[in-house]
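In the working numbering, the protein residues as written are 11 to 319. Think of the CB as a built atom: it goes at the ideal place given N, C-alpha and C, for glycine as much as any other residue.
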């Protein structure tokens with residue numbers, strides 16, 4: 011395999027907004043106060059944080075190839091309040107949308123704010139509902155959030171009516187999950203061995219340092235590479251330092267995703283595609299490029315590379 015040279019940026023949704031909300035709440039809130047709290051909270055977008063101020067967070071993205079990334083709390087359906095975690099105080103749920111310059115795509119998310127023991131409130135993880143959907147209704151009753159929305163199948167014929175969908179969500183150990191999917195999420199989390207950032211840290215290391223970091227005896231691979239079978243990775247070198255990491259392990263987390271998941275999910279988590287051809291996508295990830303190889307028939311990811319510039 012020949013070395014590949016790529017460009018570098020961080021994923022759009024993976025960037026943090028550093029502003030802090032000027033908000034302090036009492037332990038007991040009215041429904042309106044809970045709604046206001048939801049519009050002034052920090053939410054976890056698949057591993058990174060974005061803070062809303064009065065329902066909005068705008069980030070200057072010129073250095074990363076686009077002018078801005080805008081996250082907005084929807085006015086309709088309005089945020090809803092109720093007890094999500096059984097502590098007797100009001101929590102809230104709201105819908106968020108994200109859009110960026112240079113793209114017509116609009117992504118919609120569900121998130122919640124939860125009460126803390128000290129009376130403050132914290133934002134939950136944000137769960138992706140879909141791209142360019144039409145939200146219809148948001149409700150919270152008996153600890154369950156229900157979202158009704160319209161969606162259009164990309165393979166549908168022109169003029170075909172949108173498909174109505176309804177999904178329910180709950181808080182499980184302070185994490186927002188789809189109802190009925192909690193057990194699958196827990197099993198998936200338990201089987202994740204390492205995160206992508208573990209392998210990003212290998213880039214630039216000398217051979218001895220890389221082997222020590224993985225703590226596994228490698229097998230010699232083609233073109234001077236080293237194969238770590240148990241870890242599910244292979245590395246190559248340039249000027250005696252790691253410049254490529256091949257990833258095939260199915261238990262490795264890609265910011266909440268894993269190999270075998272659909273390529274569309276990776277697009278939503280890692281931001282704009284910087285290069286694309288049949289069976290291959292590239293994203294800017296930190297100070298390197300993330301290259302995904304996928305099955306063209308199923309759209310499911312097969313393996314990945316972290317490539318140094």
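Check                                                                                                                             : Outcome
Selected residue, minimal CA-CA separation from residue 209, among 187, 314 and 109                                               : 314
For residue 272, the three-state DSSP class (helix, strand or coil)                                                               : strand
Buried or exposed by the 16-neighbour rule on C-beta atoms within 10 Å, applied to residue 108                                    : buried
Residue 314 in three-state terms, based on DSSP                                                                                   : strand
Length of the line joining the Cα atoms of residue 300 and residue 281                                                            : 11 Å
Check whether residue 124 and residue 137 have beta carbons under 7 Å apart                                                       : no
DSSP three-state assignment for residue 250, whether helix, strand or coil                                                        : coil
DSSP bridge partner residues for residue 67 (one or two, in chain order)                                                          : 81
Residue 8 versus residue 189: straight-line alpha-carbon distance, rounded                                                        : The structure shown does not extend to residue 8, since the chain spans only 11 to 319, so no value can be given for it.
Sufficient close CB pairs (3 or more, under 8 Å) joining the stretch 260-273 to the stretch 226-234                               : no
Sub-7 Å separation of residue 267 and residue 283 beta-carbons                                                                    : no
Pair within 7 Å by beta-carbon distance, residue 83 and residue 103                                                               : no
DSSP three-state assignment for residue 277, whether helix, strand or coil                                                        : helix
Option nearest residue 56 by Cα separation, candidates 215, 236, 185 and 238                                                      : 185
Which of helix, strand or coil DSSP assigns to residue 210                                                                        : helix
Nearest to residue 80 (by Cα), restricted to the options 97, 96 and 110                                                           : 110
Beta-carbon contacts of residue 285 that lie in its chain and below 7 Å, excluding the five residues immediately before and after : 292
Short Cβ contact (7 Å threshold) for residue 308 with residue 302                                                                 : no
Same chain, Cβ closer than 8 Å to residue 223, five either side skipped, listed in chain order                                    : 211, 212 and 215
Cβ of residue 89 within 7 Å of any chain C Cβ                                                                                     : Of the protein chains in the structure, only one exists, and it is not chain C.
Residue closest to residue 275, alpha-carbon to alpha-carbon, out of 304, 287 and 257                                             : 304
Beta-carbon proximity check, residue 154 vs residue 177, cutoff 7 Å                                                               : no
Selection from 106, 98, 247 and 99 that minimises the alpha carbon distance to residue 85                                         : 106
Residue 294 (DSSP reduced to helix, strand or coil)                                                                               : strand
For residue 102, three-class secondary structure by DSSP                                                                          : strand
Of the residues 133, 92 and 58, the one placed nearest residue 65, counting alpha carbons only                                    : 133
Inter-residue Cα distance where the pair is residue 316 and residue 252                                                           : 10 Å
Alpha-carbon spacing of residue 225 relative to residue 218, whole angstroms                                                      : 10 Å
Residue 51 burial status per 10 Å Cβ neighbour count (16 or more: buried)                                                         : buried
Residue from 221, 257 and 149 whose Cα sits closest to the Cα of residue 250                                                      : 221
Span separating the alpha-carbon of residue 181 from that of residue 174                                                          : 24 Å
Identity of the residue in 91, 95 and 100 nearest residue 149 by Cα                                                               : 91
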